[in-house]
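Per my numbering, numbering of the sequence shown is gapless, rising by one per residue and ending at 161.
Cβ coordinates follow ideal geometry from the N, Cα and C atoms, glycine included.
Quick notes on the structure that follows.
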Amino acid sequence: RNAQVAVRGYRGDVDVHTESGEIQARPDGGTCTLATETGAIRLEGIFRRAALNTRSGAIEVTVPSDRHDVKLQATSDSGSVLFDLSESCRMHVSYTTESGNLRTDFPVVWYNSTAEEDRVYQGMVGENSSPITVDATVFCRAGEFEVRRLAAAAPARS
């Protein structure tokens, strides 16, 4: 119930729920469902689908650069949400917030937004020439949503 959880290299579906404590997952395939009431969630590795939920913690995701069909759902009531994408990624995103903001290193094109009680934005993040590799739904009530460009790996020295 109250613990820090780390899952690494697991092949298959990962399902972790805790009341408090940080969850770190680095699966090697499958889907991830990670949920905590009061803790951070960190996800990297190889995954096809992920559902990440926290009430008062940050969510950090490193999107696998070699996948072209990733579906992400991230929900945080009062923490921030951060996605790290490679240069070759392009993401379709639906982002809902009451008072949060979007920060990104990528070009953004919003093609639909509403100015209701919750602000809902839909659009693309990434270079127009890249294929869509990620479909993301983000709810970040009061925290910031950030999409960062991963630094390219340095070439191997001979």
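Throw me the rounded Cβ distance for the residue i and residue j pair, which I believe falls under 8 Å.
{"i": "Ser59", "j": "Ser89", "result": "No, Ser59 and Ser89 are not in contact; Cβ-Cβ is about 30 Å, not under 8 Å."}
What separation, rounded to the nearest whole angstrom, lies between the Cα atoms of residue i and residue j?
{"i": "Glu40", "j": "Tyr98", "result": "21 Å"}
{"i": "Thr107", "j": "Arg151", "result": "6 Å"}
{"i": "Asn130", "j": "Arg52", "result": "Residue identity differs from the one stated: residue 130 is Glu in this sequence, not Asn. So the two alpha carbons sit approximately 22 Å from each other."}
{"i": "Arg11", "j": "Arg29", "result": "5 Å"}
Could you check what DSSP says for residue i in three-state terms: helix, strand or coil?
{"i": "Val66", "result": "coil"}
{"i": "Pro134", "result": "coil"}
{"i": "Cys92", "result": "coil"}
{"i": "Glu25", "result": "coil"}
Considering only the beta carbon of each residue, do residue i and residue j sit closer than 8 Å?
{"i": "Met127", "j": "Val112", "result": "yes"}
{"i": "Phe50", "j": "Pro67", "result": "yes"}
{"i": "Val137", "j": "Val73", "result": "yes"}
{"i": "Leu46", "j": "Val64", "result": "yes"}
Below 6 Å CB to CB, which residues in the same chain sit around residue i once its five sequence neighbours on both sides are set aside?
{"i": "Gly42", "result": "Ser23, Gly24, Glu25 and Gly60"}
{"i": "Asp16", "result": "Gly33 and Thr34"}
Sorted by chain position, which residues of the same chain lie with C-beta nearer than 7 Å to residue i's C-beta, five sequence neighbours on each side aside?
{"i": "Phe142", "result": "Thr78 and Thr99"}
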